[in-house]
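A.B. asks: This is the structure, below, for whatever I ask next.
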Amino acid sequence: MHGERTTTDDAGLQGRRRRIASRAAARPDALAGHAAQGCPNPAGSSRIDTAGEALIDCAPPGEQRERSRRRTVSPTQRIQGGALQSERHERDMLVEMGRRLWQRGFVAANDGNLSARLDDGSILVTPTGMSKGFLDASDLVLVSAEGKRLKGEGVATTELGMHLAVYSARQDVCAGVHSHPQGATAFAASATPLDADFLTEAVLALGKVPTAPYGTPSTMELVQAIEPFLPDHKALLLQHHGAVTFGHTVREAYFRMETL
Ligand SMILES: [Zn+2]
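Take 1408 as the starting number for the sequence shown in my numbering and just add one per residue.
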């Protein structure tokens, strides 16, 4: 009985996948190139898009990711002021995770910075000269993939180059967090990489965490110091400075910082 039901379900699922595939093939995929640089929208539920896209949860993870990349921006994703829902969601997440960074003592005063890459490849970053504990969503600065300011009255973090380097090197990364947590910074100050199996959960969550050589903060020296490590890691120590973590979402990047 159980086996019969499974077979029937599989047949139904495959039929739905075939219908979705034929619809996708028939539809011009205008945003394919654009989406390749963008990031899936965690706020944009799969169920608010077209009927075909609404079945996204039935597909295996790899297929979901691929379909998510191809998802076009629907009018229902528009919010007031013409901003995309994903932008508002990312603004809220950056504010919330910035507040947590400050509350947990990972940053002091105006230290640290966070960013998120949006669906269209533009990047939201925290402004320079403001505490991450007291940000408003409107304080965030939107910049292009090249770092040109697109929206926002403030000035982007002086570590913008570091965030841009991360996104340039990693198409799978859509969020970055830089802070100075005391424990990790102690390792960074002593140039001790976390590349041994110190703690089970940290190893599982982060893998090996190397120490990038010292680069003066806010300069290309720092960018060049981290670039060799970007392809293969989720978190880096910055010698005599602090740490940077990245992930597919702001929450993931932040949690990696907590773990670190
Ligand atoms: Zn710093």
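Beta carbons are placed, not taken as given, at the ideal position from N, Cα and C, and that holds for glycine. In this text, all values refer to a predicted model and were calculated from it rather than measured experimentally.
(1) Under 7 Å between the Cβ atoms of Ala1563 and Asp1499?
(2) Residues with a Cβ closer than 6 Å to any heavy atom of ligand 1, in chain order?
(3) Do the region 1648-1666 and the region 1589-1604 make contact, defined as three or more Cβ pairs closer than 8 Å?
(4) Terminal residues of the continuous beta strand (DSSP E) containing Ala1383?
(5) Could you check which residue in Asp1639, Gly1519, Arg1658 and Ser1493 has the C-alpha nearest to that of Ala1576?
(6) Would you mind listing the alpha helix (DSSP H) stretches within the region 1631-1667 that are 4+ residues and don't spill past its ends, in chain order?
(7) Between Pro1635 and Ala1516, what straight-line distance do the alpha-carbon atoms span, to the nearest angstrom?
(8) To the nearest angstrom, how far is it from the Cα of Asp1613 to the Cα of Thr1666?
(9) What separation, rounded to the nearest whole angstrom, lies between the Cα atoms of Tyr1574 and Gly1528?
(10) State the Cα-Cα distance for the pair Leu1629 and Leu1571, rounded to the nearest angstrom.
(11) Locate the alpha helix (DSSP H) running through Leu1531, then write down its first and last residues.
C.D. replies: Working from what's here:
(1) No.
(2) Per the Cβ criterion, the list is Asp1518, His1585, His1587, Pro1624, His1648 and Gly1649.
(3) Counting C-beta pairs closer than 8 Å gives three or more between the region 1648-1666 and the region 1589-1604, which meets the contact rule.
(4) As shown, the chain starts at 1408 and ends at 1667. That puts residue 1383 outside it, with no answer to give.
(5) Just measuring C-alpha positions, the residue of Asp1639, Gly1519, Arg1658 and Ser1493 sitting nearest Ala1576 is Asp1639.
(6) Within the region 1631-1667, complete alpha helix (DSSP H) segments of at least 4 residues are found at 1657-1666, given in chain order.
(7) Each residue's alpha carbon lies about 30 Å from the other.
(8) Reading off the sequence, residue 1613 comes out as Leu, not Asp. Spanning the alpha carbons of Leu1613 and Thr1666 requires a straight line of approximately 8 Å.
(9) When the Cα atoms are used, Tyr1574 and Gly1528 turn out to be separated by approximately 9 Å.
(10) The straight-line gap from Cα to Cα measures roughly 12 Å.
(11) Per DSSP, Leu1531 lies in no alpha helix (DSSP H) segment; the continuous beta strand (DSSP E) that holds it begins and ends at Ile1530 to Val1532.
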